[in-house]
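Novice: Taken in order, these protein sequences are the chains called A and B. Count the first sequence with the working numbering and you get residues 2 to 277, in order. Count the second sequence with the working numbering and you get residues 679 to 959, in order. A virtual CB, placed ideally from N, CA and C, is assigned to each residue, including glycine. Computed from a predicted model, the values in this text were never measured in an experiment. My structure is below; once you've seen it, I'll send some questions.
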Amino acid sequence: MMEIIKTENLTFGYEDSQKKVLEQFNLTIEKGSFTALLGHNGSGKSSLAKLFNAVLLPTGGTVYVSGMDTKNEALLLEIRKNCGLVFQNPDNQLVASIIEDDVAFAPENLGVPSEEIRKRVDDALKCVGMYEYRLSSPQHLSGGQKQRVAIAGIVAMRPSVIVLDEPTAMLDPRGRKEVVETILRLNREYGITAILITHNMEEAALADRIVVMEKGKILLDGTPEEIFSQYEILKKTGLDVPQITELSYQLHQAGLNIDSCILSVDELVEQITKVL
Amino acid sequence: MNISVENLTYIYVPGTPFEKVALENINFTVKSGEFVGLIGHSGSGKSTLVQHLNGLVKPTEGTIRVGDRIITGKNADTKGLCFTVGLVFQYPEQQLFAETIYQDIAFGPSNMGLSEKEIDLRVRTAMELVGLPFELAEKSPFSVSGGQKRRVAIAGVLAMEPKVLILDEPTAGLDPKGREEILRSIRNIHKQMNMSVILVSHSMEDVAKYCDKLLVLNEGKVMLSGSLAEVFHHAEKLHKIGLSVPQVTLAVHKLREKGIAIPENIFTVSDAVSAIMNLRG
Chain A
2 MMEIIKTENL TFGYEDSQKK VLEQFNLTIE KGSFTALLGH NGSGKSSLAK
52 LFNAVLLPTG GTVYVSGMDT KNEALLLEIR KNCGLVFQNP DNQLVASIIE
102 DDVAFAPENL GVPSEEIRKR VDDALKCVGM YEYRLSSPQH LSGGQKQRVA
152 IAGIVAMRPS VIVLDEPTAM LDPRGRKEVV ETILRLNREY GITAILITHN
202 MEEAALADRI VVMEKGKILL DGTPEEIFSQ YEILKKTGLD VPQITELSYQ
252 LHQAGLNIDS CILSVDELVE QITKVL
Chain B
679 MNISVENLTY IYVPGTPFEK VALENINFTV KSGEFVGLIG HSGSGKSTLV
729 QHLNGLVKPT EGTIRVGDRI ITGKNADTKG LCFTVGLVFQ YPEQQLFAET
779 IYQDIAFGPS NMGLSEKEID LRVRTAMELV GLPFELAEKS PFSVSGGQKR
829 RVAIAGVLAM EPKVLILDEP TAGLDPKGRE EILRSIRNIH KQMNMSVILV
879 SHSMEDVAKY CDKLLVLNEG KVMLSGSLAE VFHHAEKLHK IGLSVPQVTL
929 AVHKLREKGI AIPENIFTVS DAVSAIMNLR G
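What follows is the structure in C-alpha cells.
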C-alpha cells in the first residue's frame, strides 16, 4: 500500500501556550483509505487536520503529503491542491452567490483552463449530488446541501486526500446522512482518501480504520471492530461506542451468548435471534 | 409553570415576495415540571417556535399562555417574561461577553434589579447546578474549554431562576462526555428546581433518554406529539421526514418482526437489556 500522508515525530504547539498540542506524533495514512479520527474536544484533532494541508506548520518533526514536506513553501499550492479541508460550519465556507461559481473558485485560482474548469465543476457537483442546483444561490440550501457544495469545491481541485473536520456537527439527521453518504462515495467510487474527524460514533463505525487521539498522542488505532471492543478505554477517555454496540456489550456482560462488539442493528438482531 | 399554545401561526415577512408560512396552526401544552423534547429537521420551525415562548417573536395569529398570563395579542403581558422563560440559544457560548465568568452569569440577575447579596447567591447556585467549580469565577469566560463555555452560558440563564427552561440544541459540537455531562446537569436542574424543560435536539437517543414527552415538527406543523411510546410507534412516519427512532428501538422493532415477543416500547439500552434478558427466563 502507498502512503499518502505521513507524520514523522510531529510536534506542534501554539505560540502563546507552553502546552504541546501534539508531541512526537507518528501516523501514516494509506492511499485510498477511509480513516475516522476520534478524540475528545482539545485532543489535537483539528490542529492535526490543519497540519495536513499546511494551514499550520509543525514546530518539530515533519508532515509529508504525497511525499511533499509541508514546510517547503515552494510546494504550498501543490500541497493544498492535494489535500483539501472541509470545516464544521457550512455557512463559513461558501464564497460565491451562485453554486457553480463557488465550486469553480479553487480551480480558477489554480489557473486551470476554463473548459477544464467547466468539466471539473460539473463532475464535482454530480459527484456530491448537487448538479441540479448548480445555478441556484447557496443561501437557500439546507445545511447538508451547503456542506456538499463545500465538498464539491474541494473535489473540483482533484485532490488525493480530503480531510473533513466535524462536517456533520451542525446538521440534522438527514443532512448528516447526505454528507456521510457523499464521503463514502468519494472514497469508494472516486478513490479519494478520506479522513473524517467526528464525535459521532455511528459515523466512525463506517470507516476502514479508526484512530483515537488523546492529549496529542495516539491512544488506539485499528478497525472499527477492534476499537469499539475497547469499551472500557473508550469510556474512560470520555468517548463512547455506537448505541447498538453498547447494547451488545451490556447483553454480553449480562451473560447472553453474543459478541460484545456488534456494530450494526441487523447483525445484533440476527445474533440475538439465534441464542433466544 | 404551564405553557399552552393555541392555533399558533407565524408568517415570515407577510405581504412581500418572501412571504413564508413558518408555523401553521400549532397546538400543544407543556405542563408544569414536564421534560419535553422538540424534534424535527432543520427548517421545520423549531427555533422559531421556541422564540415565541419567551416573547422574542410575536405570532401572526394564535394565543400563547405562560402560567396565568397571556403573552400574545393586543394586551400581551410580556413584562419580565424573559426572566420567567429562560431561553438558551444554539451555540450560546457565542453570546459570552463579560470580563469574568462571574460577571457574565451575574448579568441577567443584575438586570432583574436584585440585591448584590442575592445576585452573589444566584451566581454561586447557578455555577454549582451546571457543575462549574467556583474557583473559575474570576477567570475570563474565553479562557476555558468549549464545554465549560457552554456551561457558563447556561448558568447565565439559570441565574435568573426561570420557571421554564428552553434549550436549543445544547450539545451540538460537544464530544460524547461533554454531551452526557450537559444533559445530566439539565436533568438534575429539572428535578431540583422543578422547572419545565423544553429540549430541542437532533438526537433521538438523547431525547429518548431524558424526555417524558415529544413534539415533532415538520414543515411548520405538528406532525406527532405525545409520550415516547406514542411518537416512536410511528417509526415509518419519522423515517419519511428524515428522522428516526433510537437504534435500540429499531433493534426491538426488528426483533418483533422476527416473531420475538419483546415489548414494543423500549427506548434505552438499559430497558432493552432487561427486556431481552427477561425473554430468556
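Quick one: which chain A residues come within Cβ less than 7 Å of Val683/B?
Specialist: Counted from its first residue, the second sequence places residue 683/B at position 5. Those within 7 Å of Val683/B in chain A number zero; the least Cβ separation is about 22 Å.
Novice: If you draw a straight line from the alpha carbon of Gln870/B to that of Ile783/B, how long is it in whole angstroms?
Specialist: Here residue 870/B is taken as the residue at index 192 of the second sequence, counted from 1. Here residue 783/B is taken as the residue at index 105 of the second sequence, counted from 1. When rounded, the distance between both Cα atoms is 20 Å.
Novice: Measuring alpha carbon to alpha carbon, tell me which of Ile245/A, Asp209/A, Lys147/A ends up nearest Gly176/A.
Specialist: Here residue 176/A corresponds to residue number 175 of the first sequence, with the count starting at 1. Comparing Cα-Cα distances from Gly176/A to each of Ile245/A, Asp209/A, Lys147/A, the minimum goes to Lys147/A.
Novice: Shorter than 8 Å from the beta carbon of Met901/B to some beta carbon of chain A?
Specialist: By one-based count along the second sequence, residue 901/B stands at place 223. With 8 Å as the cut-off, Met901/B does not count as an interface residue toward chain A.
Novice: Can you say whether Phe229/A is buried or exposed, counting buried as having 16 or more other CB atoms within 10 angstroms of its CB?
Specialist: As a position in the first sequence, residue 229/A is number 228, starting the count at 1. So Phe229/A ends up on the buried side.
Novice: Tell me the rounded alpha-carbon separation between Ser143/A and Asn201/A.
Specialist: Here residue 143/A corresponds to residue number 142 of the first sequence, with the count starting at 1. Here residue 201/A corresponds to residue number 200 of the first sequence, with the count starting at 1. The straight-line gap from Cα to Cα measures roughly 20 Å.
Novice: Between the C-alpha atoms of Leu727/B and Leu701/B, what's the straight-line distance to the nearest angstrom?
Specialist: If you number the second sequence from 1, residue 727/B lands on position 49. If you number the second sequence from 1, residue 701/B lands on position 23. Rounded to whole angstroms, Leu727/B to Leu701/B spans 7 Å at the Cα level.
Novice: Report the start-end ranges of each beta strand (DSSP E) in the region 747-775 of chain B that is 3 residues or longer and not cut off at the edges.
Specialist: Whole beta strand (DSSP E) segments, 3+ residues: 763-766.
Novice: For chain A, check one thing: does any of its Cβ atoms lie closer than 8 Å to the Cβ of Asp846/B?
Specialist: Within the second sequence, the letter at position 168 stands for residue 846/B. False, the Cβ-Cβ gap to chain A never drops below 8 Å.
Novice: By the 9 Å beta-carbon criterion, what residues does the region 131-147 of chain A contribute toward chain B?
Specialist: For the region 131-147 of chain A, which is checked against every Cβ of chain B, the residues closer than 9 Å are Ser143, Gly144, Gly145.
Novice: Along chain A, in chain order, which residues have C-beta atoms closer than 8 Å to that of Leu701/B?
Specialist: Within the second sequence, the letter at position 23 stands for residue 701/B. Those within 8 Å of Leu701/B in chain A number zero; the least Cβ separation is about 18 Å.
Novice: Against chain B, with Cβ distances strictly below 8 Å, would Gly14/A count as a contact?
Specialist: As a position in the first sequence, residue 14/A is number 13, starting the count at 1. No, no contact with chain B.
Novice: For the region 53-61 of chain A against the region 240-249 of chain A, are there 3 or more C-beta pairs whose distance is under 8 Å?
Specialist: Contact between the region 53-61 of chain A and the region 240-249 of chain A is absent, because fewer than three Cβ pairs lie under 8 Å.
Novice: Find out if the Cβ-Cβ distance for the pair Met882/B, Pro840/B is shorter than 8 Å.
Specialist: Within the second sequence, the letter at position 204 stands for residue 882/B. Within the second sequence, the letter at position 162 stands for residue 840/B. No, these two residues do not count as a Cβ contact at 8 Å.
Novice: If we ignore side chains and look at the alpha-carbon of each, how far apart do Arg958/B and Ser879/B end up?
Specialist: Start at 1 with the first residue of the second sequence, and residue 958/B comes out as number 280. Start at 1 with the first residue of the second sequence, and residue 879/B comes out as number 201. For Arg958/B and Ser879/B, the distance between alpha carbons rounds to 35 Å.
Novice: Go ahead and pull the three-state DSSP assignment for Asn789/B.
Specialist: The residue labelled residue 789/B in the question sits at position 111 within the second sequence. In this structure, Asn789/B counts as helix in the three-state DSSP scheme.
Novice: Using a beta-carbon distance cut-off of less than 7 Å, what residues from the region 922-941 of chain B approach chain A?
Specialist: So the close ones are Ser922, Pro924, Gln925, Val926, Leu928, Ala929, Lys932, Leu933, Lys936, Ile938.
Novice: Report buried or exposed for Phe169/A, applying the criterion of at least 16 other Cβ atoms within 10 angstroms of its Cβ.
Specialist: For the purposes of this step, residue 169/A is taken as residue 168 along the first sequence, with counting starting at 1. The question names Phe, but residue 169/A is Thr in the sequence shown. Thr169/A should be labelled buried.
Novice: Relative to chain A, which residues along the region 859-886 of chain B have a C-beta separation below 7 Å, given in chain order?
Specialist: Taking 7 Å as the Cβ-Cβ cut-off against chain A, the residues of the region 859-886 of chain B that qualify are His880, Glu883.
Novice: Which residues, in chain order, does the region 152-186 of chain A contribute to contact with chain B at a C-beta distance below 9 Å?
Specialist: Residues Glu167, Ala170, Met171, Leu172, Asp173, Pro174, Arg175, Gly176, Arg177, Lys178.
Novice: Which residues, taken in chain order from the region 706-739 of chain B, show a beta carbon closer than 7 Å to some beta carbon of chain A?
Specialist: Going along the region 706-739 of chain B in chain order, one finds His719, Ser720, Gly721 with a Cβ nearer than 7 Å to chain A.
Novice: As a quick exercise: from Gln925/B, Ile742/B, Ile940/B, pick the residue whose alpha carbon is nearest that of Ser265/A.
Specialist: Here residue 265/A refers to the residue found at position 264 when the first sequence is read from its first residue. Ser265/A has its Cα closest to that of Gln925/B, out of Gln925/B, Ile742/B, Ile940/B.
Novice: Could you check if Arg189/A is buried or exposed, using at least 16 other CB atoms within 10 Å of its CB as the buried criterion?
Specialist: For this step, residue 189/A is matched to residue 188 along the first sequence. The residue is exposed, with fewer than 16 neighbouring Cβ atoms inside 10 Å.
Novice: At the 8 Å Cβ level, is Pro811/B part of the contact set with chain A, yes or no?
Specialist: Locating residue 811/B in the second sequence gives position 133, where the first residue counts as 1. No, no contact with chain A.
Novice: Compare the C-beta of Asp260/A with all C-beta atoms of chain B and state if any pair is closer than 8 Å.
Specialist: Start at 1 with the first residue of the first sequence, and residue 260/A comes out as number 259. Not closer than 8 Å to any Cβ of chain B, the Cβ of Asp260/A fails to qualify, so no.
Novice: Between which two residues does the beta strand (DSSP E) containing Phe820/B stretch?
Specialist: Within the second sequence, the letter at position 142 stands for residue 820/B. Neither: Phe820/B is in no beta strand (DSSP E) and is coded neither H nor E.
Novice: Just to confirm, are Gly239/A and Lys698/B a CB contact at a threshold of 8 Å?
Specialist: Numbered from 1 along the first sequence, position 238 holds the residue referred to as residue 239/A. Numbered from 1 along the second sequence, position 20 holds the residue referred to as residue 698/B. No, the pair does not count as a contact, with Cβ atoms beyond the cut-off.
Novice: Tell me the DSSP secondary structure of Ile273/A in three-state form.
Specialist: Counted from its first residue, the first sequence places residue 273/A at position 272. If DSSP states are grouped into helix, strand and coil, Ile273/A belongs with the helices.
Novice: With a Cβ-Cβ cutoff of 8 Å, do Gly896/B and Gly718/B count as a contact?
Specialist: Here residue 896/B refers to the residue found at position 218 of the second sequence. Here residue 718/B refers to the residue found at position 40 of the second sequence. What sits at residue 896/B in the sequence shown is Asn, not Gly. Yes, Cβ-Cβ distance for Asn896/B and Gly718/B is below 8 Å.
Novice: Going by C-alpha to C-alpha distance, which of Gly61/A, Gly154/A, Leu269/A, Thr71/A sits closest to Pro91/A?
Specialist: Locating residue 91/A in the first sequence gives position 90, where the first residue counts as 1. Pro91/A has its Cα closest to that of Gly154/A, out of Gly61/A, Gly154/A, Leu269/A, Thr71/A.
Novice: Got a sec: is the Cβ-Cβ distance from Asn42/A to anything in chain B below 8 Å?
Specialist: Start at 1 with the first residue of the first sequence, and residue 42/A comes out as number 41. Yes, contact with chain B.
Novice: Using a Cβ-Cβ cut-off of 7 Å (strictly less than) and excluding sequence neighbours within five positions of His868/B, which residues of its own chain qualify?
Specialist: Walking along the second sequence from the start, residue 868/B turns up at place 190. Taken in chain order, the residues that qualify are Phe713, Val875.
Novice: Would Gly898/B count as contacting chain E if we go by Cβ distances under 8 Å?
Specialist: No chain E is present in this structure, whose protein chains are A and B.
Novice: Pull up the distance between the alpha-carbon of Thr29/A and that of Ala206/A, whole angstroms please.
Specialist: Locating residue 29/A in the first sequence gives position 28, where the first residue counts as 1. Locating residue 206/A in the first sequence gives position 205, where the first residue counts as 1. Spanning the two alpha carbons is a distance of roughly 20 Å.
Novice: Taking Tyr65/A as part of the beta strand (DSSP E), name the residues at either end of that continuous run.
Specialist: If you number the first sequence from 1, residue 65/A lands on position 64. 61-66 is the extent of the beta strand (DSSP E) around Tyr65/A.
Novice: I want to verify the contact list: residues of chain B whose CB lies under 7 Å from the CB of Leu277/A, in sequence order.
Specialist: Here the question's residue 277/A lines up with position 276 in the first sequence. Ordered by position in chain B, the residues that pass the 7 Å Cβ test against Leu277/A are Ile938, Leu957, Arg958.
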